[in-house]
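Start counting at 1 in the sequence shown, then tack on 26, and there's your number in my numbering.
Glycine included, C-beta positions come from ideal geometry on N, C-alpha and C.
All values derive from a computational prediction rather than experimental measurement.
Have a look at the structure below, then the notes.
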Amino acid sequence: MYQPDKNICIDEGMKLWRGRLSFRVYNPQNPVKYGIKFHILCDSATGCCFNKRPYFGEGSSLPDTVFSLLDRLLGHGYTLYMDNFYNSVALCERLLEAQTNVCGTLRKNRGEPQVIRDLVKTDLGTGDKVVRHNEKVTVVARQDKRLAQMVKTCHQDGMQKVHVWQKGNKDKVVQFKPECIVAYNSHMNGVDKLDQNISYYPFICRSLNWSKKFLAYLFQMCMFNAFVLYQARNTGACNTLLKFIRSVVKSWTLKVHERKGSEVGEQVEKEEGAGVEDGDLEDVKHTLRAPYNTDPESRLDGDLGRHKLCYLKPTSKKLRPTKRCRVCIRRGTRRETKMMCKVCCVPLHAGQCYIDYHTTVRYSVSVQG
């Protein structure tokens, strides 16, 4: 259905949750510092999520987590980008054996050569680098603002020209960086794209139940994936995520009404016609639920003896149900009543509201005083 790009990435995603939870994670470096952590595999180009695993405090090791996320993508020549939280030299060798290239940052003591492990900031000048490799993996150490270590099983050892902002200059300046660093900066933002897009239109804002936010986060991922697949196969009017979500919700609601329209109509008639006995409406042509903006023609027929009030019939939810009086609504007052006219099927208060409704053309204007 959807073929991912050659470049994919694994990173952490976080769903905000500040309540009590045994596997809640705190990371001061993330924009969302408290919450439920996910390991997410995404397409670097679109941010489409291919696989995800929530972190429950215990479970598989990081290498096993990476392999479980890749799953069906192993052996197809993809290039995987990871940060130093996941990366190690041993993991890169295992992935290369599974025909999957790797590029990413590397922490110290993750299998790098001793020469690179012993480097300090003063050993290299700005822009200098040290490269070491074996038959499978290459490790690069480069000095910029800080000493950065990269591990890779792809890309050449050459340098690439880039334009970057530099403090004190109004325009970008030209720098030369290793190809692996340029590629990492370009393709490591897939999960960031996913989190950015689903954060624009959250499905649930506040809840005391963590599972609701958990499921809503998963549902938002599914909705964004559907939007990416739609864009890959269609060039219609839904060119933004907001338009796509609205069209999906609209299609779901229309299908429900088409499927259950008759059943809903019957249920409404039963509930709204509460208080009307069998046989009382045999000669009435209008429906039991009078439209809000229109009144039945029979309300001004002059026969008040025929327009009798009755109590609203009890429902399964309310023993003594009430509804808003039609006259009070038109006069800008919200008052409930237990009575309704049998003929007009309109909730009314006994007394002045009943008289004004059946004798006055413009009953929205009070005739008292």
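In this structure, the alpha-carbon of Asp221 lies about 25 Å from that of Leu100. For Gln192, the number of other beta carbons within 10 angstroms of its own is below 16, and it is reported as exposed.
Taken through DSSP and simplified to helix, strand or coil, Asp37 comes out as strand. Here Leu234 is exposed: its Cβ has fewer than 16 other Cβ atoms, across all protein chains shown, within 10 Å.
Within 10 angstroms of the beta-carbon of Cys248 lie fewer than 16 other beta-carbons, which makes it exposed. Under the three-state reduction of DSSP output, Gln257 falls in the helix class. His213: member of the alpha helix (DSSP H) spanning Glu205 to His213, first to last residue. Residue state for His384 is assigned as helix, using DSSP reduced to three classes.
The bridge partners DSSP lists for Val157 are Val166. Taking C-beta atoms under 8 Å as the contact rule, Thr131 and Asp109 qualify, at a distance of about 5 Å. By the neighbour-count definition (other C-beta atoms within 10 Å, threshold 16), Val391 is an exposed residue.
Inclusion of Asn127 and Cys180 in the CB contact set at 8 Å is warranted, their separation being smaller than that value. Shown here, Cys367 sits in a strand according to DSSP, grouped into three states. Judged by beta-carbon spacing, Cys118 lies within the 8 Å limit of Val163, meaning their Cβ atoms are closer than that value. In the DSSP assignment, Gln182 falls outside any alpha helix (DSSP H), carrying neither H nor E. Between His213 and Asn33, the alpha-carbon positions lie close to 7 Å from each other.
Annotation for Cys129: the continuous beta strand (DSSP E) segment containing it runs Asn127 to Thr131. Pairing Tyr210 with Met185 gives a Cβ-Cβ distance that is not under 8 Å. The beta carbon of Val115 sits closer than 8 Å to those of Leu132, Arg136, Gly137, Glu138, Val163, Val165 and Val177, all from its chain and outside the five residues before and after it, given in chain order. For Gly377, no beta strand (DSSP E) segment is defined, and its DSSP state is neither H nor E.
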